[in-house]
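Novice: Structure incoming, see below.
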Ligand code: AMP
Ligand code: ZN
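In the numbering used here, the protein residues as written are 1 to 112.
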């Protein structure tokens, strides 16, 4: 999608600090980290949020979780949190599906 920040990052039109890339997804460090390690994993295809996941595009979500499982092991992260915000009230600021991976500090529950 031409007007989407994360589509522009995936295309290389906006610079990012890449963690990982394959045919289906792209991972990069968050520009405003909320933990000592904080990166985002996004599908390369534009999907607005979890609310737009369907039987047609669900495979990429499973793939992203496989990538998260591998990347966190490679980075030596034993404990981490995976978060996806959906909609304004939940704090979604970029309307392209993304999973935050946060690690390296104590975390509270419930989240704020
Ligand atoms: P959310 O608020 O859940 O939609 O998450 C969007 C995330 O994207 C926030 O944590 C932002 O800090 C992050 N972000 C925004 N612009 C950039 C960028 N250019 N590079 C990396 N992360 C970004
Ligand atoms: Zn997009």
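Note that the Cβ used here is the ideal one computed from N, Cα and C, for glycine as well.
All values reported here derive from a predicted model rather than from experimental measurement.
#1: Say the cut is 7 angstroms; is the CB of residue 9 nearer than that to a heavy atom of the ligand NAP?
#2: In angstroms with no decimal places, state the Cα-to-Cα distance between residue 39 and residue 100.
#3: Could you confirm whether any beta carbon from chain B is found closer than 8 angstroms to the beta carbon of residue 91?
#4: From this set, 112, 35, 22 and 30, which residue's C-alpha is nearest residue 43's C-alpha?
#5: Of all the options 36, 74, 33 and 14, which has the alpha carbon lying nearest to the alpha carbon of residue 20?
#6: How do the region 6-16 and the region 50-69 stand: do at least 3 beta-carbon pairs fall below 8 angstroms, yes or no?
#7: Measure the C-alpha to C-alpha separation of residue 94 and residue 9 and round it to an integer number of angstroms.
#8: Spatial neighbours of residue 18 within its chain, please: CB distance less than 6 angstroms, with the 5 preceding and 5 following residues excluded, ordered by chain position.
#9: Would you list the residues sitting across from residue 63 in a DSSP beta bridge?
Specialist: From the atom records:
#1: Among the ligands in the structure shown, the ligand NAP does not appear; only the ligand AMP and the ligand ZN can be found there.
#2: Taking the chain shown and counting its residues from 1, one reaches residue 39 at position 39. Taking the chain shown and counting its residues from 1, one reaches residue 100 at position 100. When rounded, the distance between both Cα atoms is 6 angstroms.
#3: Structure shown: chain B not included; a single protein chain is present.
#4: Within the chain shown, residue 43 is the residue found at index 43, counting from 1. Out of 112, 35, 22 and 30, 22 has the C-alpha closest to the C-alpha of residue 43.
#5: Here residue 20 refers to the residue found at position 20 of the chain shown. Closest option to residue 20, Cα to Cα, is 74.
#6: Touching, no, given that fewer than three Cβ pairs across the two stretches are closer than 8 angstroms.
#7: Translated into positions along the chain shown, residue 94 becomes position 94. Translated into positions along the chain shown, residue 9 becomes position 9. Each residue's CA atom was taken as its position, placing residue 94 and residue 9 some 12 angstroms apart.
#8: Here residue 18 corresponds to residue number 18 of the chain shown, with the count starting at 1. Cβ within range, chain order: 28.
#9: Translated into positions along the chain shown, residue 63 becomes position 63. DSSP output for residue 63 lists no bridge partner at all.
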